[in-house]
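Note that the protein sequences, when read in sequence, are chains A and W. Sequential numbering from 2 applies to the first sequence in my numbering. Sequential numbering from 2 applies to the second sequence in my numbering. Some notes on the structure that comes next.
There are 2 protein chains.
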Amino acid sequence: MKHLHQRIRDDIEARIMSGEWPPGHRIPFEHELMAEYGCSRMTVNKVLSTLAANGLITRRRRAGSVVAQPSNQQAVLQIQDFAREAARAGTEYRFKILRRSIEPIDAAAAQRTGMRVGTKMLSLSTLHVMDDVPQAFEQRLINLATVPEADTEPFKDDPPGTWLLRRVPWTDAEHIVRAVNADGTLARRLQIQTGAACLVLERRTWQAGAFVTEARITYPGDRHQLVGRFSPVA
Amino acid sequence: MKHLHQRIRDDIEARIMSGEWPPGHRIPFEHELMAEYGCSRMTVNKVLSTLAANGLITRRRRAGSVVAQPSNQQAVLQIQDFAREAARAGTEYRFKILRRSIEPIDAAAAQRTGMRVGTKMLSLSTLHVMDDVPQAFEQRLINLATVPEADTEPFKDDPPGTWLLRRVPWTDAEHIVRAVNADGTLARRLQIQTGAACLVLERRTWQAGAFVTEARITYPGDRHQLVGRFSPVA
DNA sequence: TCCGCGATAATGTCTATACATAATCGCGGA
DNA sequence: TCCGCGATTATGTATAGACATTATCGCGGA
Numbered sequence: 002m003k004h005l006h007q008r009i010r011d012d013i014e015a016r017i018m019s020g021e022w023p024p025g026h027r028i029p030f031e032h033e034l035m036a037e038y039g040c041s042r043m044t045v046n047k048v049l050s051t052l053a054a055n056g057l058i059t060r061r062r063r064a065g066s067v068v069a070q071p072s073n074q075q076a077v078l079q080i081q082d083f084a085r086e087a088a089r090a091g092t093e094y095r096f097k098i099l100r101r102s103i104e105p106i107d108a109a110a111a112q113r114t115g116m117r118v119g120t121k122m123l124s125l126s127t128l129h130v131m132d133d134v135p136q137a138f139e140q141r142l143i144n145l146a147t148v149p150e151a152d153t154e155p156f157k158d159d160p161p162g163t164w165l166l167r168r169v170p171w172t173d174a175e176h177i178v179r180a181v182n183a184d185g186t187l188a189r190r191l192q193i194q195t196g197a198a199c200l201v202l203e204r205r206t207w208q209a210g211a212f213v214t215e216a217r218i219t220y221p222g223d224r225h226q227l228v229g230r231f232s233p234v235a
Numbered sequence: 002m003k004h005l006h007q008r009i010r011d012d013i014e015a016r017i018m019s020g021e022w023p024p025g026h027r028i029p030f031e032h033e034l035m036a037e038y039g040c041s042r043m044t045v046n047k048v049l050s051t052l053a054a055n056g057l058i059t060r061r062r063r064a065g066s067v068v069a070q071p072s073n074q075q076a077v078l079q080i081q082d083f084a085r086e087a088a089r090a091g092t093e094y095r096f097k098i099l100r101r102s103i104e105p106i107d108a109a110a111a112q113r114t115g116m117r118v119g120t121k122m123l124s125l126s127t128l129h130v131m132d133d134v135p136q137a138f139e140q141r142l143i144n145l146a147t148v149p150e151a152d153t154e155p156f157k158d159d160p161p162g163t164w165l166l167r168r169v170p171w172t173d174a175e176h177i178v179r180a181v182n183a184d185g186t187l188a189r190r191l192q193i194q195t196g197a198a199c200l201v202l203e204r205r206t207w208q209a210g211a212f213v214t215e216a217r218i219t220y221p222g223d224r225h226q227l228v229g230r231f232s233p234v235a
């Protein structure tokens, strides 16, 4: 016998997922569920609140709860950590910082990140290599106002992304994924044909509203893909 | 004055996000928070349970709660609904079903979807067009065992993806994003240059374990990108 | 007919309490 | 010293009741 909370939740989810209760269908009131399961209102309230937090139902005072309209479809994709992937696959991984400088942010980047033009940023270009095959080219800006210790960090053991993740664990993030044809410079760096399709992942993160970093990571299209699994209910 | 629940939650989140409580740091016990905020244990319990459900903290009986280790980085991307986008942008949208057939599933697709080889699937090729400019080419398989009514559906008003979303609202999904160079056929369909980089989104969905549909949507790389915003806390 | 306003009905938040469960601590015996 | 087992402690689940909030319904007056 499972917990009542879970049983009620499973029952309702099953009815929604099976289509028995389609989007827009009114869910029994809390006092009805309370009578049906012979429990207190707090218990059904917590179940329904959880379902609402997960986007499965919509609740409105006085009107009751209804099955939510299907949300915008979304894809959740895992962003690969090269070192971990390499360890798992038993291959050798290394990275090389091709360029490092401190520069005032330009107008376009300021626009994207919401910073003032001219703010000092640490700019890094990094090549990720596994078994001597280039896997990705990364261009990154780090806000020295938010992460001042990046200024003196040599990035010997960990690449900038991994190093940052350990210092700024929880953030808001914005992602853009595009496909581009490799130009000559990029093709040479990634050892691919000029014009080959590449996947570009742009990731910008903020910590409690303060801009942290922007990364543009370019993967050869024939070697990489982004993968993700997703369930709407937790 | 906000609700106490929200205030406690904001306080704890702020301390985690600012780095004051790094990953692994022990969070005050429920009875400590209870004393600090002068409220009942149920209130702080609900806050901490919510934070745990969102992956921000880890809870263990007797040991207490600690700030969770940073999760694998992930990107959440919105998948565009053409009709809605067109309505919002004030442009004209239409779609054209180029090919429609019922076929037994081939070995490769059976492998991907976990179906038995030979299962009958509805196969559709659809072109999405906005203001006479091709926006995406979609190849889709629909499992007729799970969605039998697709067999007789003419897909007059809604494209297959939208039609399905209304019938099978909540599912598990798997996504793959790749970059490819357009071959001659694809280039002609999308009115782009042969070899131009394209973004390919593969999406497979299941309903309570039963395979529903697989879609491979190809977007011209110079016209489209996937965008997403993500906060670890809801 | 239409509008305003009070009654009503549903959810939102919170309390005080109770008992269950799981992991750890530490005492005592072999 | 080491192991087993009971006591302890923190979280997990649930209850019954209270009051707050808000959208809607419907009645009565203009």
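All C-beta atoms, glycine included, are put in the ideal place defined by N, C-alpha and C.
Test: W:THR172 CB closer than 9 Å to a CB of chain A = Position 171 of the second sequence holds residue 172 of chain W. So, interface residue.
Cβ pair A:LYS121, A:ILE106 closer than 9 Å | Taking the first residue of the first sequence as position 1, residue 121 of chain A is located at position 120. Taking the first residue of the first sequence as position 1, residue 106 of chain A is located at position 105. Taking 9 Å as the Cβ cut-off, A:LYS121 and A:ILE106 qualify as a contacting pair.
Would you mind working out which of W:ARG224, W:THR206 and W:PHE212 sits nearest W:ALA197, comparing C-alpha positions?
-> Here residue 197 of chain W is taken as the residue at index 196 of the second sequence, counted from 1. Per the Cα distances, W:ARG224.
Local conformation of A:SER50 per DSSP, three classes | Here residue 50 of chain A is taken as the residue at index 49 of the first sequence, counted from 1. Of the three classes helix, strand and coil, the one that applies to A:SER50 here is helix, per DSSP.
Taking Cβ positions only, does A:ASP82 come closer than 9 Å to chain W?
-> Taking the first residue of the first sequence as position 1, residue 82 of chain A is located at position 81. So yes, A:ASP82 belongs to the interface.
Can you tell which of A:LEU200, A:GLY119, A:VAL134 and A:ARG63 has the C-alpha that lies nearest to the C-alpha of A:ASN144?
-> The residue you call residue 144 of chain A lines up with position 143 of the first sequence. Checked all of A:LEU200, A:GLY119, A:VAL134 and A:ARG63; the closest Cα to A:ASN144 is A:GLY119.
Quick one: list the residues of chain A neighbouring W:GLU139, beta-carbon separation under 7 Å, in chain order.
-> Looking up residue 139 of chain W in the second sequence gives position 138. Neighbours of W:GLU139 in chain A, taken as residues whose beta carbon is under 7 Å from its own, are absent, since the nearest beta carbon is some 13 Å off.
Given that a residue counts as buried once 16 or more other Cβ atoms are within 10 Å of its Cβ, and exposed if not, what is A:GLY91?
-> Taking the first residue of the first sequence as 1, we reach residue 91 of chain A at position 90. So A:GLY91 ends up on the exposed side.
A:ASP82 - DSSP class collapsed to helix/strand/coil = Here residue 82 of chain A is taken as the residue at index 81 of the first sequence, counted from 1. In the structure shown, A:ASP82 sits in coil (DSSP, three-state: anything other than H, G, I, E or B).
Contact with chain A by W:HIS243, beta-carbon distance below 9 Å = Within the shown structure, residues of chain W are numbered from 2 to 235, placing residue 243 of chain W beyond reach of any answer.
Whole angstroms is fine: what's the gap from W:ARG168's alpha carbon to A:GLY20's?
-> In the second sequence, counting from the first residue as 1, residue 168 of chain W sits at position 167. In the first sequence, counting from the first residue as 1, residue 20 of chain A sits at position 19. Roughly 7 Å separates the two Cα atoms.
Contacts around W:HIS129, its chain only, beta-carbon distance under 6 Å, and the 5 residues preceding and following it disregarded | Translated into the one-based positions of the second sequence, residue 129 of chain W becomes position 128. The residues are PHE83, PHE96, GLN136 and ALA137.
What are the start and end residues of the beta strand (DSSP E) that includes A:ARG100?
-> Within the first sequence, the letter at position 99 stands for residue 100 of chain A. Unbroken beta strand (DSSP E) run through A:ARG100: 94-105.
Separation of W:PRO24 from W:GLN70, as counted between CA atoms | The residue labelled residue 70 of chain W in the question sits at position 69 within the second sequence. The residue labelled residue 24 of chain W in the question sits at position 23 within the second sequence. Spanning the two alpha carbons is a distance of roughly 5 Å.
Give me the Cα-Cα distance between W:THR114 and A:ALA108, rounded to the nearest whole angstrom.
-> Position 113 of the second sequence, counting from 1, holds the residue named residue 114 of chain W. Position 107 of the first sequence, counting from 1, holds the residue named residue 108 of chain A. Distance between the alpha carbons of W:THR114 and A:ALA108: 46 Å.
List the residues that DSSP assigns as beta-bridge partners of W:ARG141.
-> As a first step, residue 141 of chain W must be located in the second sequence, where it is residue number 140. Looking at the DSSP assignment, W:ARG141 forms a beta bridge with W:LEU125 and W:ALA216.
Segments of 4+ residues assigned as alpha helix (DSSP H) that fall wholly inside the stretch 137-215 of chain A | 161-168 and 185-191
What number of angstroms, rounded off, separates the C-alpha of A:ALA235 from the C-alpha of W:ALA54?
-> The residue you call residue 235 of chain A lines up with position 234 of the first sequence. The residue you call residue 54 of chain W lines up with position 53 of the second sequence. Bear in mind that the predicted position of A:ALA235 carries a pLDDT of just 38, short of 50, making it unreliable; the figure below should be weighed with that in mind. C-alpha separation (whole angstroms): 8 Å.
Residues bridged to A:LEU1 by DSSP?
-> Here chain A comprises residues numbered 2 to 235, so residue 1 of chain A is not present and cannot be evaluated.
Report yes or no: is there a C-beta of chain A within less than 9 Å of the C-beta of W:LEU182?
-> Numbered from 1 along the second sequence, position 181 holds the residue referred to as residue 182 of chain W. Per the sequence presented here, residue 182 of chain W reads as Asn, with Leu not at that position. By this cut-off, W:ASN182 is an interface position.
Should W:ALA174 and W:ARG205 be called a contact, given that it needs their Cβ atoms to be closer than 9 Å?
-> Walking along the second sequence from the start, residue 174 of chain W turns up at place 173. Walking along the second sequence from the start, residue 205 of chain W turns up at place 204. Closer than 9 Å, so yes.
Whether W:SER126 touches W:ARG100 by CB criterion (9 Å) = Working through the second sequence from its first residue, we reach residue 126 of chain W at position 125. Working through the second sequence from its first residue, we reach residue 100 of chain W at position 99. Yes, they are a contact pair.
For A:ILE17 and W:TRP171, believed in contact at Cβ under 8 Å, the rounded distance | Start at 1 with the first residue of the second sequence, and residue 171 of chain W comes out as number 170. Start at 1 with the first residue of the first sequence, and residue 17 of chain A comes out as number 16. That belief holds up - the Cβ atoms of W:TRP171 and A:ILE17 are roughly 6 Å apart, short of 8 Å.
Endpoints, the alpha helix (DSSP H) within which A:ARG62 is located = If you number the first sequence from 1, residue 62 of chain A lands on position 61. That residue, A:ARG62, is in no alpha helix (DSSP H); it is neither H nor E in DSSP.
Which bits of chain A does W:LEU187 rub up against, with CB to CB less than 8 Å?
-> As a working mapping, residue 187 of chain W is identified with position 186 in the second sequence. Result: empty, since nearest Cβ-Cβ is about 12 Å, beyond 8 Å.
Mind pulling the chain W residues with CB within less than 8 Å of A:PRO71?
-> The residue you call residue 71 of chain A lines up with position 70 of the first sequence. Per Cβ cutoff of 8 Å: LEU166, ARG167, PRO170 and TRP171.
Give a yes or no on whether 9 Å exceeds the smallest Cβ distance from W:VAL77 to chain A.
-> Here residue 77 of chain W corresponds to residue number 76 of the second sequence, with the count starting at 1. Yes, W:VAL77 counts as interfacial toward chain A.
Interface flag, A:MET18 vs chain W, CB-CB below 9 Å | Locating residue 18 of chain A in the first sequence gives position 17, where the first residue counts as 1. Interface residue, yes.
Residue closest to A:GLU215, alpha-carbon to alpha-carbon, out of A:LEU123, A:PRO149 and A:GLY229 | Counting from 1 along the first sequence, the entry for residue 215 of chain A is found at position 214. Comparing Cα positions, the closest option is A:LEU123.
Out of A:LEU57, A:LYS157, A:THR147 and A:MET43, which has the shortest C-alpha to C-alpha gap to A:VAL68?
-> As a working note, residue 68 of chain A is residue 67 in the first sequence. Nearest of A:LEU57, A:LYS157, A:THR147 and A:MET43 to A:VAL68, Cα basis: A:LEU57.
Please decide whether W:VAL178 counts as near chain A, where near means a Cβ-Cβ distance under 9 Å.
-> Locating residue 178 of chain W in the second sequence gives position 177, counting from the first residue. So, interface residue.
Report the residue from A:VAL178, A:ILE218 and A:ILE193 whose alpha carbon sits nearest the alpha carbon of W:GLY222.
-> Stepping through the second sequence from its first residue, residue 222 of chain W is reached at position 221. Minimum Cα distance to W:GLY222 is reached at A:VAL178.
Mind checking which residues open and close the alpha helix (DSSP H) that includes W:ALA36?
-> What you label residue 36 of chain W is simply residue 35 of the second sequence in a count that begins at 1. Run containing W:ALA36: 31-38, per the alpha helix (DSSP H) assignment.
First and last residue of the alpha helix (DSSP H) that includes A:GLN112?
-> One-based indexing of the first sequence puts residue 112 of chain A at position 111. Residues 108-114.
Can a CB atom of chain W be found closer than 9 Å to the CB of A:GLY222?
-> Within the first sequence, numbered from 1, the residue matching residue 222 of chain A stands at position 221. Output row for A:GLY222: interface = yes.
Using the C-alpha atoms, what's the distance from W:LYS47 back to A:LEU5?
-> Here residue 5 of chain A is taken as the residue at index 4 of the first sequence, counted from 1. Here residue 47 of chain W is taken as the residue at index 46 of the second sequence, counted from 1. About 17 Å.
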